[in-house]
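Shown next, in structure tokens, is the structure this report addresses.
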Amino acid sequence: MTDRIKRMPTRPINGIPVPLFLAPMCIKEVLEYKPIPGDVFIHTYPKCGSNWMQNIALYIFRKGREVENRQIS
Numbered sequence: 001m002t003d004r005i006k007r008m009p010t011r012p013i014n015g016i017p018v019p020l021f022l023a024p025m026c027i028k029e030v031l032e033y034k035p036i037p038g039d040v041f042i043h044t045y046p047k048c049g050s051n052w053m054q055n056i057a058l059y060i061f062r063k064g065r066e067v068e069n070r071q072i073s
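Residue numbering for the sequence shown follows UniProt numbering, starting at 1 and increasing by one per position.
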């Protein structure tokens with residue numbers, strides 16, 4: 001018995017196959033993004049400290065100062 005792998009339906013955007021559930025406008029914005037000096041990307045594996053890394057980066061950029069009026073929504 002052979003199992004068939006179902007392929008996710010896609011549409012091409014700028015020659016790149018993109019899943020249908022992603023909005024074309026969002027994909028185009030991502031492809032047009034140009035980083036500028038000072039941009040910071042925080043990369044972690046899922047469930048491996050993403051919030052911790054964001055807070056560490058925040059404190060580094062603020063030179064250890066607390067954020068005023070920090071609201072949790």
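We put the beta carbon where it would ideally sit given N, CA and C, even for glycine.
Self-check item: Same chain, Cβ closer than 8 Å to Pro-37, five either side skipped, listed in chain order
Solution: none
Practice problem: Following the continuous alpha helix (DSSP H) through Pro-17, name the residue where it begins and the one where it ends. | Solution: From DSSP, Pro-17 is part of no alpha helix (DSSP H) but of the beta strand (DSSP E) over 16-19.
Quiz prompt | Distance, Ile-5 Cα to Asn-14 Cα | solution = 26 Å
Practice problem: With DSSP as the reference, label Ile-5 as helix, strand or coil. | Solution: coil
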